[in-house]
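Engineer:
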Amino acid sequence: MACGGRCGCRSVNDALALAQRVSDLPGLRLRGLELYEGVLHGDDPQPQVEALLQQAAALACRMEPLVDGEFILTGAGTVWYDVVCNIWLAAAKPRRCRIVIRPGCYITHDRGIYDLAQQELIARDPIACDLAGDLTSALELMAMVQSVPEADRAVVNFGKRDCAFDAGLPQPIAHYRNGGVSAARGVDRQHRHHGSALYAAPGAGQRCAGRRYSAVRHLAPVSDL
183 MACGGRCGCR SVNDALALAQ RVSDLPGLRL RGLELYEGVL HGDDPQPQVE ALLQQAAALA
243 CRMEPLVDGE FILTGAGTVW YDVVCNIWLA AAKPRRCRIV IRPGCYITHD RGIYDLAQQE
303 LIARDPIACD LAGDLTSALE LMAMVQSVPE ADRAVVNFGK RDCAFDAGLP QPIAHYRNGG
363 VSAARGVDRQ HRHHGSALYA APGAGQRCAG RRYSAVRHLA PVSDL
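Residue numbers (our numbering): 183 to 407.
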């Protein structure tokens, strides 16, 4: 743990000091450098992300004498993994360096954060446009409509305890009734409780009895449940 109780470092000097400390301890082995660039936000965060990655590669070179064996350089969340690969593959780095990316989208996809990140990736990286096929959501949840108290209200037995929602509430995508499936109406707002949810939209309660399918906005916290 770094000075001040932080698990990690915010400056090059702090990172070098921590690396030296780990290297000096007899019970530990320093194996490399890890970062997460997904915390950078703003109107145009890509230049900040690229600068951080360049800085990390240069830091890895300075840390190389403290690492015995292969140097592990790892980063990349779902949004910027293509940028991480492009920058680090071209940058100067330790001679024996293994680059490890770890985006959650490598095995799962959703209709929220991951889908937005995928569209942004396609817009900025021509290699992504050459990949055949489209990604599909890895998890869809089904709930029963329990009550229609008003024409534009529907109470569904699907609440906070049933699905994580750190990046937006699940959105209805389909309605099943009498053996048929139809597209769900748009939702203006939701009120979510532990065991149920209230969907509000014009006409949401009309002919709403049956099953409702919802798409998860961010799959990672759901997988952690």
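Here a beta-carbon is modelled for each residue, glycine too, at the ideal position from N, C-alpha and C.
So, is residue 324 buried or exposed, given that buried needs 16 or more other C-beta atoms within 10 angstroms?
Structural biologist: The residue in question, residue 324, is exposed, as its Cβ has fewer than 16 Cβ neighbours within 10 Å.
Engineer: Write down every uninterrupted run of the alpha helix (DSSP H) in the region 197-281 whose length is 4 residues or greater and which is fully enclosed by it, in chain order.
Structural biologist: List check, alpha helix (DSSP H) in window: 228-245 and 263-272.
Engineer: With DSSP collapsed to three states, give me the class of residue 286.
Structural biologist: It is helical.
Engineer: Suppose you measure from the CA of residue 241 to the CA of residue 253; what does that come to, to the nearest Å?
Structural biologist: Near 12 angstroms, if we compare the C-alpha coordinates of residue 253 and residue 241.
Engineer: If contact is defined by three or more beta carbon pairs under 8 angstroms, each pair taking one atom from either stretch, is the region 201-217 in contact with the region 243-253?
Structural biologist: Contact between the region 243-253 and the region 201-217 is present, because at least three Cβ pairs lie under 8 angstroms.
Engineer: Who are the Cβ neighbours of residue 222 in its own chain at under 6 angstroms, not counting the five residues just before and after it?
Structural biologist: Excluding sequence neighbours, residue 222 sits near 230 and 231.
Engineer: Give the secondary structure of residue 317 by DSSP, where H, G and I count as helix, E and B as strand, and everything else as coil.
Structural biologist: Here residue 317 sits in coil by DSSP.
Engineer: Round the Cβ separation of residue 236 and residue 273 to the nearest angstrom and send it over; I've been treating them as touching at under 8 angstroms.
Structural biologist: Sure, about 6 angstroms apart at Cβ, within 8 angstroms.
Engineer: Cα separation between residue 226 and residue 248?
Structural biologist: If I take the Cα positions, the gap works out to 35 angstroms.
Engineer: Look up residue 308 in the DSSP assignment and say whether it is helix, strand or coil.
Structural biologist: Here residue 308 sits in helix by DSSP.
Engineer: For a test of the three-state rule: what should DSSP assign to residue 356, helix, strand or coil?
Structural biologist: Residue state, collapsed to three classes: strand.
Engineer: On the criterion of 16 or more Cβ atoms from any shown chain inside 10 Å, does residue 282 qualify as buried, or is it exposed?
Structural biologist: The residue in question, residue 282, is exposed, as its Cβ has fewer than 16 Cβ neighbours within 10 Å.
Engineer: Can you name the residues that DSSP bridges to residue 362?
Structural biologist: The partner list for residue 362 (beta bridge, DSSP) reads 359.
Engineer: Just mark residue 238 as buried or exposed, buried being the case when its beta carbon has 16 or more other beta carbons within 10 Å.
Structural biologist: Classification for residue 238: buried.
Engineer: Since residue 261 and residue 320 should fall inside the 8 angstroms C-beta cutoff, what is the C-beta to C-beta distance between them, to a whole number of angstroms?
Structural biologist: Contact flag wrong, Cβ pair sits at about 18 angstroms.
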